[in-house]
Each structure stands twice: as C-alpha cells, then as structure tokens.
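The numbering used here numbers the first residue of the sequence shown as -17 and each following residue consecutively.
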Amino acid sequence: MRRSRGLTAALVLSLAGAGAGIGVVLMPAASAITPPVAFTADELPTWQPDGVVFAMAQANGTVFAGGTFSAVRPPDGAAGTQQEAVNFVALDAATGTPTSCKLAFTVGDGTATVRALTVSKDGKTLYAGGYFGAVNGTPVSSLAAIDIETCTPKASFHPGVPATVRALDVTDDTLYVGGDFAAVEGQTRERFAALDASSGALKPFTANVDEPGRAVKVSNDGKNVLLGGDFFTVNGSNSHALAVVDATTGAVVKTYSNIPSNSIVKDIAADSTGYYTANEGSGGGVFDGRIGLNLDFNEKWRDRCLGATQFVLPYDGVLYSASHGHDCSSELEFPDGKRNFLMAQPTDHTGTPPAPVDGFVRGPRKLGWHPNANDGIGEGIGPRVMAVAEKADVKYLWVGGEFTQINGKPQAGLTRFANTGDVGAPTTPVASAAAIKPGEVQVRWRTSYDQDDSKLTYRIYRNGSATPIHTMTADSLEFERPQASWTDTSVKAGQAYTYRVTATDGAGNTSALSATASVTVPASVQAYPDKVRTDGATLYWRYDDTVSPYVADSSDGGNTSGLQANAPALRQSPGAVSGTSTAMGFNGTSQQVYSDHRQFVSSSFTVETWFKTGTTRGGKLIGFGNNTVNNSGSYDKQLYMTNTGRLAFGVYNGSARTITTGLLETYNDNKWHHVVGTQGPGGMTLYVDGQNKGTNSATTSTPYAGYWHVGGDNLNSWPNRPTSNFFAGQIDETAVYPTALTQAQVKSHYDLAKAPTDTVSKVPATEDTYINQGAPATAYGTSTQLAVRGTSAYETYLRFTLPAAPAGQVLKAASLQFKTSTQTGAGTADTVSVVPVTGTWSGDGTTFNTKPTLGTTPLGSITGVPDGSAVQSVELDTAAVSAVLGSSYSLGLTSTGTDAMWLWSSESTAADAVPQLILTFGQK
C-alpha cells in the first residue's frame, strides 16, 4: 500500500559506458507443473543490479531491464566480475547474462531513472521512458527510441517531454505515453499523450488528467486506450484511477467511480479475453488488488487482496502478479500475515462466477505458484515488473524489482523462472495413525507444500515395505494445506503397524519419507472416540501427536487438522478419557492451535472439549475467528473461562449472546471437566460435565469465514472478559459438529470418558538366537540376523518375559512381530510356523547339536513373506498365550521348506528390529 510522485527537472546531457560478460545455464529436461501454471518456481541464475528495476521488455530472446542502478554483477557464487550498467541492462533470456548491448541513461541534474520500456510490433525498436537527458550521449528528453539490432538511440526521435515518463504502449504507428508531464513539445498534454512511433511527432490525441499517469494500454481492436494512474478527472469528466478513451482523439469512452479515492492503478495488461489492472493504495479501506475487465471494459471480477499490486501479466490463461499480498481474507484465502510477493490465478472463473459480495465478484482462486521474495530496498515493495521471453523453445518468466532475496537465497533486483526444469521436491509429510476399532487404521497427514505443484501424489508405506500399500492424490497451496487421510481396512486386531508417507510432484520430485507413525489395532471398539465420530464430528483433535506443528483430525473424513502455534506441550498424561490417549498443555500467554483451512460455520453447531486448569487468569478454550496466528478481528462461537473459573459460551449476532455458569460454579480446580456449547433451531445451550447449565433463544450467529482456535484468540469486549486471551492448562478431546448435540448425546460423551479401554503391552525379546545345520557346533547368540528354513535347517528361538494380565482384564489378542532384514532374498515363499519351545536353550550356548525340543502344535503361522526389509506380524493363539502370562516364555520359528527367511535379531540397530510380542488386554 504505497504510492509515489514523479520527478520534474530540467534535463541536460551526460555520457557513460559499459563492459561485457558471458555465461551458460544448462536446463534440465522438460517436466510437469500443475496446470494451468506455466512456469516453475525454481529460480535460475541471473545477473543482478545494484539498485531497483522498474521496467522490463523483451525481443528475440533478449530481455531489457531499466530502473535506477549503476552496475550489474553475477549471481552469488558464480564466476564473473561486476559490469557498469547505467540504469539499463540487456540480458540473454536463456542464460541470464548481459549481452553486448550497452546503453547508459543519464541526466545532468537529479537522479536518472528508466521507468517504462516497450518494444515495437515488428520487434525492431525499443522505446524507453523515465527521467533522463541522454542515452549514450545522444540528447533526449525522458523518452527515447532504440534501434535493437545496433543497440543505438535514434537521434531523429526526440520529442520534448519535460518530466518523468512512467508508462508506454505502442501500435504499428502510434506510441502512447503516460507520466508526470503537463506538456509535450510545448503543447498541453497533461499526463498522457500520443506520438508518431517513427518520428516522435505529437499527435492530436488529448486525454488530460489531473494527477500522474502510470499505465496505458491500447485495446485489442486498436480503437480505444485504457488509462491508469492517480487521477480523478479525464478531460474534465470524473473518473478515478481508470478510464477508457478514444485511441485517435482521446475523447472519454468510459469512466470509473468504484475505485477508492486512496487507491491508484499501477499497471494495465490485456489478453484475448479482456483487460487486467494492478492497484495500490494507502490508508484504510484501500483497494490493493486486481481487476478483471471484459472486452467491453465492464468489470467481471475484483480480487480485493491487500498488498500493493505493482504489475499484472496474463499468460496462457493465468494472471501472474507482482505484489506483497498480505491479506486475502476477502477472497476466502489467507488472512493478514506474511507477505506473498509473486502469485498466480486464472484470468477468469471456470463455470458460473460466484455471487457478488459487497457489490463485487471475487477474483479467481489463487493457483499453486508461490516463489518467495522479500521487501528489499527502496520503498520495500519487492517485485515490480514482469516479462515473458522465449529462446530455444524454452519460455522464461522474468521478474524485476527491489527484492534482495528469492526463495530464501541472495538475489537482487532480477530473477527468472522457466517453463521446464522443475527440480524442487515437496515438503516432507507429517503423518500419524490411529485406530479406534478392530479392522481399521486411519492414516493421516498434513498435505505437503510444493512451490509450483498444487496437486501432489502421496504414497503410503506400511511396516517398512518398499512397495506402497496405497497411492492417492491431494491438493494443497502455500496458504492452505488441509489434512489428507486414508483408511487401511486390511489390518488385524491386536497387531501393531507402522506407516510412512511420501509426496511426489508432477515432475517426479519426491520428498523424504515421513517419520514413522505407529499404531496397534484394538481388539474391541474404543467407546468414547467411536461415539464422537458416530455423532458426526467434522473436527476431532485428540492431541496424541508426537511431532510439531501438526495436530491430527480423527473425525470420520473431516480432514480439518490443526497447527500448533508457539509450541504447546505435547502428550500430557493422563488425558481426560480412559486409555493411553494424551492431552496438550498450554502456557496461557501465547500458545494455541488453529485449524488448517478457512471455512464457514452454519447456524447449527456444537463445540466440545475437556480441560484441566488451576488458572486465575481465564482464557479461551475453543472459538472461531477470522485470523490464524494473529489476533482475530471477528471472533465468536466460543467457550471461555473467566478469572474466577466460571465458564461462558457465546456467539455474536449483532450483539454478544452468552450463557455463563453460576457465580459459585467454578472449574479451575485442577480436575478434568467436560464442556459443550450448542446452537441450533432451539437456541443455545451450555453443558458442563454432562449437565445443562443454561439456555437462551439465540438461533443465529454472524456468518464469516474463519478458523477454529483452541487455547487462545481474541476475547476483547466479551462479557466477563478474563485477564488473558490465552488459556493456561491442559486441553483434550476437542470436537466440532455441524449440528446441535442433544442433552442425551452430551451426557453419553461425559459418561463414556471413563469407559474401559484396551491395554496394549509390547514385550520385546530378551534373548534370541538361531541354529544352523550346516555349522552344527556354532552358536549365533550375538548375530544381528536370525534365520528360518526347513532344509538344510535353520531354527530361530525367542525368549520373552510375559506380563500378567492387568486387574479385571483378560488377553484379547496376541501377535508376534518381527522385521525381515535387508539381506537379498530375506523373504520366503514357504510357511513359517511359530511353536512353543519346551526345552532349554541360551543365546551363547545353543547350537544345532544342542537345540531344544519344540512343541508340536503351532501357535500361529505366516506364508509368503515378500523380499525386502519390512515388519511382519503373526497372529498367535490367544488361549495358549493366556495360559503362560506372568512367566518367561520361549517361541520357536520353524519351516519345512527350502527357502530361507532372514530377520533382524535383538542385537540389530535397525529401526523396528527387535522381535516383540503385541499383547492386547481388555475387559472380561
């Protein structure tokens, strides 16, 4: 949201020279980018100026950049030496290095600058505008024509423009000029003029405006010209910042009155379907975004993102923009926060456009193209200008401005991206897994981010296998990375599983494997979480996460995960409900969790959570707000605690409507409590610990798009506002529903929190060895691998110290888990049986000659173990294992075949290597 005024001064002559340099960049083979984006976000090595680039044009594989600078230097770390470049440089589009064309734009008084560049339709002449008095010593007056082939100024082209030129566009015979001037060639032409493209002679065209002209664009049919700038009148007619005039006379064709008075037009571009403006403002209520116009100059959409758009470039159905967009809340995209300097969106909506909001149709949704830049020097604008150039069948998107970094690396003033050579891999997925009933595991992960691919392919690997068990695609953007999930229904109760996930873009670039997510499938349904899912939760955060910043959504297909802010404490135990599920701890000053994507909430909803605290400063437990890490400006649908420990549930529907527990009903007693707020056709209700604590008749709340927050967000102006917006204590089992739960449902949730759950014991082998018929006197107790084969015989022996069943519980399921090794052919096509060892043995003493006797009745078996190192599970006879609980117990692995199986022993350091028993206990 910035604007600047022009320079005016008398122009004099000056001279300057420049050197030369070369360089070569080899492009990778062509690769895929998510359509319709045409360019990667991977920056290419490019020479960089020591100042600001304001203007850019291209012709025949050469890119021309103008601005305010004195030299260019190689990319950081590249060979070459700095060269003089006085406000202008010509560069090879494919290599990013300066060409032999050297032009110095100078002035005798003040600071010379090049602010506009355009190329004639035949590609032979480069027109330059700005504030300068000479080009390579040839006298000019803020406007020059350059013969591209010889790289020399045309001395015969010398129109007198006594102030800064900021905009240019050209037809076959006419050059249109915009800027700060009040006259051209001594004749009144206030900020816009038309000149003969060959001679520079002034044409009758008159479109006088009262403030600087910053953009000029000839209509596709050549009959009209679109003007942009700071102005409020055109030829005496009211029209702010944008107008359309006759291309021959300058007579007003169309005026505009719907751009705020504190906003201006910085650029206008066109494609075959319409016209586009870049807008900038200063102060409150500004318009900083982009407008799409139909061919009849009527508005088709308006993107009201905030963040000073400097330039727009339509290319192959995509509008690329240079800005520092920091708030696209009005577009239902990212809230006020970090700056996004380079963005892309379709040039038009697909299908029926959305309904107008506040009189404007929203702009097309942003696409998955997000190179990073920074504010840089000068005004701190970042990127200012763009151009597309082609050479050797490769297309390059060039960007100029005042940035000093691109994608986190030093790069000043100029950068470029190609339509090939996508080499950046997506970020590594953050995955978790959960099971609340037999036969199902929900594998879920926060979708990855790729700067130029919004549709990524995910591969899920189970138990260390090198072959994915499932492959799927999901969409994500830089500012919106929703949870993706998949349910594995091929799992068995009582067995443990591990999962890892990768993300791959369209070019085949693949992320690292996610960290391992482990889960044991229960032998019976876990009553509390199953009830939450059955009752229709669309957000369910259980806080069992082991890695920041991801909070998994355990709802049935809801996929609204959370993001931790300022590192709340993970896996606080015991949690609010029975079993091993944990809670999350919040410090009461800055920590919170917010949902991963913007959404609307209907007038019927339920918010539910458990908490434990001793705070006397209150704070928000859960609520809805229109921002993420910053304080929300709109916020309600919330449960919060007062300083005295009372609980309040509130919505806003023109005024704050709240229900609060009684004066003596306080809950800051360091015990777990269950709180639920509902709103529906019957009004609002607050429940605490299963009991109705109050109702009112409010059936609606103010609709807006936003995010769920847990642990903190704005509470300003709410009744009984606590000292702190942030909650100090533990929170668990947070859920949101799209309906109002009944009192019976709420009471059921409260009661089920103490329902018995399965207990899982993982019992690692305390000793292991194998015997080898081929080396009958050798003991293998220290070997890192174990083996099983019928002929010639290998047998493996494993010893476990089994626990007794917990009080009131019995063994529900038992399985043996082991991991095949990385040895070639570690799998087997034969059947491997698990049998009890009835004789005595030891790791350091047992050999084939002294092997123990084995039981004859198998406890379980596995057939067809594939090659490749992976975790395998064998379901065991529950009754047989139950009979030996609380004792030392040995198992043998045998086979009758000839295909050996190799597995890791307890001596191995490989991940998940130690053989173990998975014992699941439950109610009698």
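Every residue gets a Cβ at the ideal spot worked out from N, C-alpha and C, and that includes glycine. Nothing here was measured: the structure is a model prediction, and the numbers come from that model.
Spatial distance of residue i from residue j (CA atoms)
i	j	result
T804	R771	17 Å
N698	N609	15 Å
S614	S245	25 Å
E384	D74	20 Å
D859	Q508	23 Å
S843	K653	47 Å
T902	P746	14 Å
S815	Y776	13 Å
T469	A478	15 Å
Q327	D457	15 Å
S239	L314	25 Å
Y576	Q292	32 Å
K801	L780	14 Å
A137	Q30	30 Å
S851	I442	16 Å
V367	N702	51 Å
N491	D340	43 Å
G807	Y752	18 Å
S637	T682	11 Å
A786	V866	9 Å
E704	L603	Note that residue 704 is Pro in the sequence shown here, rather than Glu. Distance between the alpha carbons of P704 and L603: 12 Å.
T908	L798	Summary: the structure shown does not reach residue 908, with the chain confined to residues -17 through 906, and so no result is reported for it.
D908	Q40	A query on residue 908 cannot be resolved here, the shown segment of the chain reaching from -17 to 906 and no further.
G676	Y669	7 Å
Opposing strand residues paired with residue i [DSSP bridges]
i	result
T783	S870
R428	V412 and Q465
K391	I388
N754	Y776
Q477	Beta-bridge pairing links Q477 to no other residue.
F269	F269 is not bridged to any residue.
Y238	Beta-bridge pairing links Y238 to no other residue.
Reduced DSSP category for residue i - H, G, I as helix; E, B as strand; rest coil
i	result
Y762	coil
A747	coil
L301	strand
H140	coil
P738	coil
R398	strand
K729	helix
S82	coil
A811	strand
N831	helix
S102	coil
S(-4)	Because S(-4) carries a pLDDT of 30, less than 50, the predicted location of this residue cannot be relied on, and the following value inherits that uncertainty. Looking at S(-4) - three-state DSSP - the assignment turns out to be coil, as it is neither helix nor strand.
E25	coil
S124	coil
E313	helix
L288	strand
Bounding residues of the alpha helix (DSSP H) (the contiguous stretch that carries residue i)
i	result
V514	A509 to T516
A862	T860 to S864
Delimiting residues of the beta strand (DSSP E) encompassing residue i
i	result
N674	Q673 to N678
F442	The residue asked about is misnamed: residue 442 is Ile in this sequence, not Phe. Element bounds for I442: K437 to R444.
E372	P365 to K373
H331	That residue, H331, is in no beta strand (DSSP E); it is neither H nor E in DSSP.
F568	A565 to N569
S843	G842 to V847
D253	S245 to D253
S500	A499 to T502
E715	A710 to Y719
R272	R272 to L275
I900	Q898 to Q905
R55	A53 to R55
L521	L521 to W523
V35	V34 to A41
Residue i: CB within 7 Å of a non-hydrogen atom of the ligand ATP
i	result
I250	The model on display carries no ligand, and the ligand ATP is accordingly not part of it.
*Going along the chain, which unbroken runs of the beta strand (DSSP E) with 3 or more residues stay wholly within the stretch 147 to 235?*
147 to 152, 156 to 161, 174 to 178, 195 to 200, 206 to 211 and 224 to 228
*Enumerated in chain order, which unbroken segments of the beta strand (DSSP E) with a length of 3 residues or greater are wholly contained in the stretch 573 to 658?*
574 to 577, 587 to 594, 601 to 607, 617 to 623, 629 to 634 and 638 to 642
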